[in-house]
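Numbering (the UniProt record's numbering), first residue to last: 1 to 512. We treat Cβ as the ideally placed atom computed from N, Cα and C, and that holds for glycine. None of the values given here were measured: they were computed from a predicted structure. Heads up, the thing below is written out as structure tokens.
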DNA sequence: TTCCGACAGTGGGGTCGCAAT
DNA sequence: ATTGCGACCCCACTATCGGAA
């Protein structure tokens, strides 16, 4: 199949807003793909490269390449050339990758270039990614969409499911079962604004500590242990203490879901930055492990001794977990019968925060494990802080925000009467707010550097954030975590905005 | 007819490791 | 030795479509 066909379909998918039409367009393309093209065509139309990331970003792609006049590239040729680019390493590799990718783009028409650039940078922006591709695949093969989706979650990969499905037909989907050693996409949580809202929605539920660490899926089959991240990257080699812990558990074969976190001598959580730095260290693991030891904390069991537990209610899965894993290695929790038990749930949240953790996850006791989905049966609750800050600058947006001033630079007042930048945010704005702030900020503009428009510090905005973190980038030595706009405060003058001093006083453990 | 779940898009800060400077 | 870049951790929120209620 020619690449130009994919570029055309992608453009058509982007041009239609109807999801059903996007699905139909993808289905038609998948039906036409030859078996050998399938492993490439399916991931491409789901917006991903089958070989994952190639070490090529915007900087290496910055130079414009003269497009070819006529399409000639086949998808298999493109795939082969990208695989070759991904294999280039060592001294001079950046220049060589740049040269190879330039040559590839030179063989592509303007339309094909747009499509390839989107794929390589991971930004296809066609309003259709994996979920729509799954539906398209189902439509192309006559399989039920739910069955295809389930197979993808269990295989952890759309591509392998697509190949089996297109070669052997819908009955072959039965082959995809939870297998020890093969990671499953983890279940995710929605957000609730309070424990009472969460318990009100779920009824009988478990209220569990939410630890600020890194999600980990642990597979053990006899002596063999494997560890996977939320995106299913294999991180076994980086966390020897987790492998050892898994070997000490009583079961021989299991799959557990949990969090890995660095704790101090008193058992209090260290900062997320320390945990993430440790889990990210992969060259000198022994040294990193001595400096920042980590602990596993489990909260779910997906498979035990050959039994697939995914469809069991959470209460039963947890009973299996409790049989297998001793209490210190399980997440702290309390079980409540419903809204009548609200005080117990709320005091559990308060105690959890006292212990230094970030909040709780409220989980329905009767819910199955919805692999790969943000099921409504897990609700996280975290305290939200707010500040009134001053807009120091704004950046022009991309995509659907093109032509709008989008990303705000936020400052708090300093002792000397100036402002210290604490971070940026693009979150929380409605289309109406974007239009309003674009107009308003342009009237306050005093200059610009690249995409950044500096403004007179006159506009006050109320910001929600999850906490402070240490920063080497910002002048106060701290940055806001997950900042988002709540509303503009036109009733406030900039000299009424919050100060760095009060912010640091509110977060004494983070203050430099 | 209205409501709501699921998706895609739009980016944020930090850290590590590798290659370039 | 330092800097720049890309990959991945963590993540919130709005707009939209289309099926559920």
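Residue 307 to residue 177, Cα distance in whole Å? 11 angstroms
Please state whether DSSP places residue 106 in a helix, a strand or coil. helix
By Cβ distance below 7 angstroms, which residues in the same chain neighbour residue 82 in space, the five residues on each side in sequence not counted? 49, 51, 54
Determine the direct distance from the alpha carbon of residue 245 to that of residue 322, and round the result to whole angstroms. 15 angstroms
Tell me whether the beta-carbon of residue 108 lies closer than 8 angstroms to the beta-carbon of residue 2. no
If we call anything under 8 angstroms between Cβ atoms a contact, is residue 207 one with residue 345? yes
On the three-pair Cβ rule with 8 angstroms, is the region 69-79 touching the region 32-51? yes
Taking the C-alpha atoms as reference points, what is the distance between residue 21 and residue 410? 41 angstroms
Alpha helix (DSSP H) runs wholly inside the UniProt domain "ATP-dependent DNA ligase family profile" (287-414), at least 4 long, in chain order: 314-324, 342-354
Test item: CB-CB of residue 24 and residue 126 under 8 angstroms: no
For the putative contact between residue 497 and residue 441, defined by C-beta atoms under 8 angstroms, what is the C-beta separation to the nearest angstrom? Not really, about 16 angstroms apart at Cβ, beyond 8 angstroms.
My assumption, with CB atoms under 8 angstroms, is that residue 317 sits in contact with residue 190. Please give the rounded CB distance. Not a contact, Cβ separation roughly 19 angstroms.
Apart from the five residues on each side of it in sequence, which residues of its chain come closer than 8 angstroms, Cβ to Cβ, to residue 309? 301, 302, 303, 316, 317, 320, 369
When the distance is taken between beta carbons, is residue 460 closer than 8 angstroms to residue 484? no
Per DSSP, residue 460 is paired with what? 390
Quick one: which unbroken alpha helix (DSSP H) runs of 4-plus residues sit fully inside the region 466-506? Chain order, please. 500-506
Which value, in whole angstroms, describes the spacing of the CA atoms of residue 90 and residue 9? 37 angstroms
Which residue comes first and which comes last in the alpha helix (DSSP H) that contains residue 448? No alpha helix (DSSP H) contains residue 448, which is instead part of the beta strand (DSSP E) from 445-449.
Quick one: complete beta strand (DSSP E) runs, 3+ long, within the region 166-231? 205-210, 214-221, 224-228
Keeping to the same chain, check which residues put their C-beta closer than 7 angstroms to that of residue 278; ignore five residues upstream and five downstream. 262, 288, 292, 294
When the Cβ atoms of the region 348-367 are set against those of the region 202-221, are three or more pairs found closer than 8 angstroms? yes
Our contact map puts residue 238 next to residue 285 with C-beta atoms below 8 angstroms; I'd like the distance itself, whole angstroms only. 6 angstroms
Report the CB separation of residue 164 from residue 150 in whole angstroms; it is logged as a contact under 8 angstroms. With a Cβ gap of about 13 angstroms, residue 164 and residue 150 do not count as contacting.
Local Cβ density within 10 Å of residue 66, reported as buried at 16 or more and exposed below that: exposed
C-alpha gap between residue 256 and residue 221, whole angstroms: 12 angstroms
Taking the Cβ atom as the reference point for each residue, do residue 259 and residue 216 lie within a distance shorter than 8 angstroms? yes
Per DSSP, residue 253 forms a beta bridge with which residues? 221
For residue 325 versus residue 249, is the C-beta spacing smaller than 8 angstroms? yes
Among 69, 429, 7, the one whose alpha carbon lies nearest that of residue 46: 7
If we call anything under 8 angstroms between Cβ atoms a contact, is residue 184 one with residue 154? yes
Would residue 60 and residue 94 qualify as a contact pair, given that the criterion is a beta-carbon distance under 8 angstroms? yes
Anyone know if the C-beta pair for residue 104 and residue 143 falls short of 8 angstroms? no
Could you tell me the distance, in whole angstroms, from the CA atom of residue 509 to the CA atom of residue 468? 9 angstroms
Given this structure, state the Cα-to-Cα distance separating residue 464 from residue 195, to the nearest angstrom. 18 angstroms
Below 8 angstroms on the Cβ atoms is my guess for residue 218 versus residue 242; work out the distance and round it to an integer in Å. 7 angstroms
What number of angstroms, rounded off, separates the C-alpha of residue 43 from the C-alpha of residue 161? 11 angstroms
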